[in-house]
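Residue numbers (this note's numbering): 1 to 309.
Built from N, CA and C at the ideal position, the CB exists for glycine as well.
This report refers to the structure that appears directly beneath it.
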Amino acid sequence: MASALSATHFHSEEAAFAYVEARVWPEGPVCPHCGGFDRIGKMGGKSTRVGLYKCYQCRKPFTVRIGTIFESSHVPLHIWLQAMYLVAGSKKGISSNQLHRTLGVTLKTAWFMAHRIREAMQAGGDMFGSNGGAVEVDETYIGRKAGDAGVKAPRKTGSAHKLRVVSLIDRETGRAISFDANGIAKDEVAQIVRTNVAKQARLITDESKLYKAVGKEYASHESVLHGAREYVRGDVYTNTVEGFFSIFKRGMRGVYQHCNEKHLHRYLAEFDFRYSNRVALGYNDADRADTLLSGIVGKRLTYQTASAK
Numbered sequence: 001m002a003s004a005l006s007a008t009h010f011h012s013e014e015a016a017f018a019y020v021e022a023r024v025w026p027e028g029p030v031c032p033h034c035g036g037f038d039r040i041g042k043m044g045g046k047s048t049r050v051g052l053y054k055c056y057q058c059r060k061p062f063t064v065r066i067g068t069i070f071e072s073s074h075v076p077l078h079i080w081l082q083a084m085y086l087v088a089g090s091k092k093g094i095s096s097n098q099l100h101r102t103l104g105v106t107l108k109t110a111w112f113m114a115h116r117i118r119e120a121m122q123a124g125g126d127m128f129g130s131n132g133g134a135v136e137v138d139e140t141y142i143g144r145k146a147g148d149a150g151v152k153a154p155r156k157t158g159s160a161h162k163l164r165v166v167s168l169i170d171r172e173t174g175r176a177i178s179f180d181a182n183g184i185a186k187d188e189v190a191q192i193v194r195t196n197v198a199k200q201a202r203l204i205t206d207e208s209k210l211y212k213a214v215g216k217e218y219a220s221h222e223s224v225l226h227g228a229r230e231y232v233r234g235d236v237y238t239n240t241v242e243g244f245f246s247i248f249k250r251g252m253r254g255v256y257q258h259c260n261e262k263h264l265h266r267y268l269a270e271f272d273f274r275y276s277n278r279v280a281l282g283y284n285d286a287d288r289a290d291t292l293l294s295g296i297v298g299k300r301l302t303y304q305t306a307s308a309k
């Protein structure tokens with residue numbers, strides 16, 4: 001049985017461009033400069049770089065890289081596809097060090113590639129619970145906040161020194177979406193719920209006071225009392241979102257080990273993406289990598305932005 005990474009587009013630059021073009025331009029090339037698609041020609045010649053087209057409306061050359069996470073990257077496209085397959089298929093993530101060793105790129109390049117890929121994993125979509133189904137919401141705490149000088153905050157009792165994450169799971173679709181909830185707004189968690197959960201949904205949480213007021217805005221708000229050792233009451237439970245947190249924490253602690261707060265939203269997008277496109281929902285590793293390719297357009301991330309303090 002051949003390895004999944006033995007596919008032609010993982011080794012040939014021409015095949016890699018054809019593979020990406022078929023998914024980004026399913027109806028043919030589109031100029032990223034002017035949006036034209038009628039008068040476009042593929043450039044030929046021995047000195048012409050792979051995948052180069054010219055738009056005869058705005059008279060500018062372009063490739064499928066323009067306007068995507070691949071723009072201005074010197075890494076060959078077939079190496080990018082290998083990296084995307086590895087990140088999309090690693091249940092608990094894959095470290096920059098591992099990508100660096102596996103792909104043969106520098107550690108700095110591997111780190112930046114991984115963040116660009118996470119940028120492509122960020123997704124919007126329909127409101128959760130739009131069909132009146134159950135939506136589980138919970139928060140968890142991980143890592144340590146940075147102090148004013150950029151160093152880790154001193155340890156305190158409880159969760160005051162940790163990073164807060166809020167996650168929502170739509171039971172009907174199996175999708176997950178998570179947020180860095182470390183802002184200064186008093187009702188930040190409630191605003192996250194309002195923005196992402198349809199009013200006709202059944203809101204299911206634990207007994208946290210964070211959801212008490214916002215819960216009144218929904219068709220129903222049911223909660224389990226973890227403090228009283230109640231974890232399941234019929235179909236009222238938060239076990240699904242807690243299972244998601246389990247995968248997230250094992251990845252963050254065992255693979256990534258440290259996450260700067262400014263990058264937390266991208267790591268959350270990574271775990272959300274894999275969870276929302278998992279085997280239980282009918283996605284294999286190849287399907288997941290193809291789905292990831294559909295999110296590369298308009299998601300450019302520069303190194304200056306990613307590395308800014």
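Sequence-distant residues of the same chain with beta carbon closer than 7 Å to residue i, five excluded per side
i      : result
Phe112 : Tyr303 and Ala306
Thr238 : Glu136, Asp138, Ile204, Thr205, Asp206 and Val224
Leu264 : Leu163 and Asp180
Ala339 : Absent from the structure is residue 339, since the part of the chain shown begins at 1 and ends at 309.
Val30  : Phe37
Asp148 : Confidence is the limiting factor: at Asp148 the pLDDT is only 46, short of 50, which leaves the residue's position unreliable and the question unanswerable from this model.
Gly227 : Glu207
Glu242 : Asp138
Bridge-paired residues (DSSP) for residue i
i      : result
Pro26  : Paired residue(s): none; Pro26 is not in a bridge.
His221 : Leu203
Ile94  : Looking at the DSSP assignment, Ile94 forms no beta bridge with any residue, so it has no partner.
Gly41  : Lys54
Ala134 : Arg202
Val297 : Thr68
Phe128 : Val197
Asp272 : Its beta-bridge partners do not exist; DSSP assigns none.
Asp187 : DSSP, once it has assigned bridges, lists no residue as partnering Asp187.
Sequence-distant residues of the same chain with beta carbon closer than 6 Å to residue i, five excluded per side
i      : result
Gly215 : Leu203 and His221
Lys42  : Tyr53
Tyr56  : Arg39
Gly298 : none
Ala88  : Arg288, Ala289 and Leu292
Ser276 : Arg175 and Ala176
Ile117 : Met84 and Val87
Glu188 : Ala181
Whole-Å CB distance - residue i paired with residue j, under 8 Å assumed
i      : j      : result
Glu270 : Gly93  : 7 Å
Lys186 : Lys162 : About 18 Å separates the two Cβ atoms, so there is no contact after all.
Leu301 : His115 : 6 Å
Ala16  : Leu77  : 4 Å
Ser96  : Leu107 : 6 Å
Asp170 : Gly132 : No, Asp170 and Gly132 are not in contact; Cβ-Cβ is about 11 Å, not under 8 Å.
Ala198 : Ala213 : No, Ala198 and Ala213 are not in contact; Cβ-Cβ is about 18 Å, not under 8 Å.
Leu268 : Ser130 : Going by Cβ atoms, the distance from Leu268 to Ser130 rounds to 22 Å, so no, they are not a contact pair.
Phe62  : Pro32  : 5 Å
Ile142 : Val165 : 6 Å
Val50  : Ile79  : Their Cβ separation, rounded to whole angstroms, is 13 Å, which puts Val50 and Ile79 out of contact at 8 Å.
Residue i - DSSP class collapsed to helix/strand/coil
i      : result
Val50  : coil
Thr140 : strand
Val165 : strand
Val105 : coil
Phe62  : strand
Ile79  : helix
Val193 : helix
Arg178 : The displayed chain sequence assigns Ser, not Arg, to residue 178. Ser178 falls in the strand class under three-state DSSP.
Val232 : coil
Asp290 : helix
Asp285 : helix
Other residues of its chain near residue i: CB distance less than 8 Å, five sequence neighbours each side excluded
i      : result
Gly81  : The residue you asked about is not Gly; residue 81 is Leu in the sequence shown. Result list for Leu81: His9, Phe10, Ala16, Tyr19, Val20 and Ala289, in chain order.
Thr240 : Glu136, Ile169 and Arg171
Ala2   : none
Near the ligand FAD: residue i beta-carbon under 8 Å from a heavy atom
i      : result
Gln200 : Judged by which ligands are present, the structure shown has none, so any question about the ligand FAD falls away.
Contact between the segment 16-35 and the segment 54-73 (3+ Cβ pairs under 8 Å): yes
Is the number of C-beta pairs between the segment 281-300 and the segment 198-212 that are closer than 8 Å three or more? no
Any 3 or more C-beta pairs closer than 8 Å across the segment 246-254 and the segment 227-236: no
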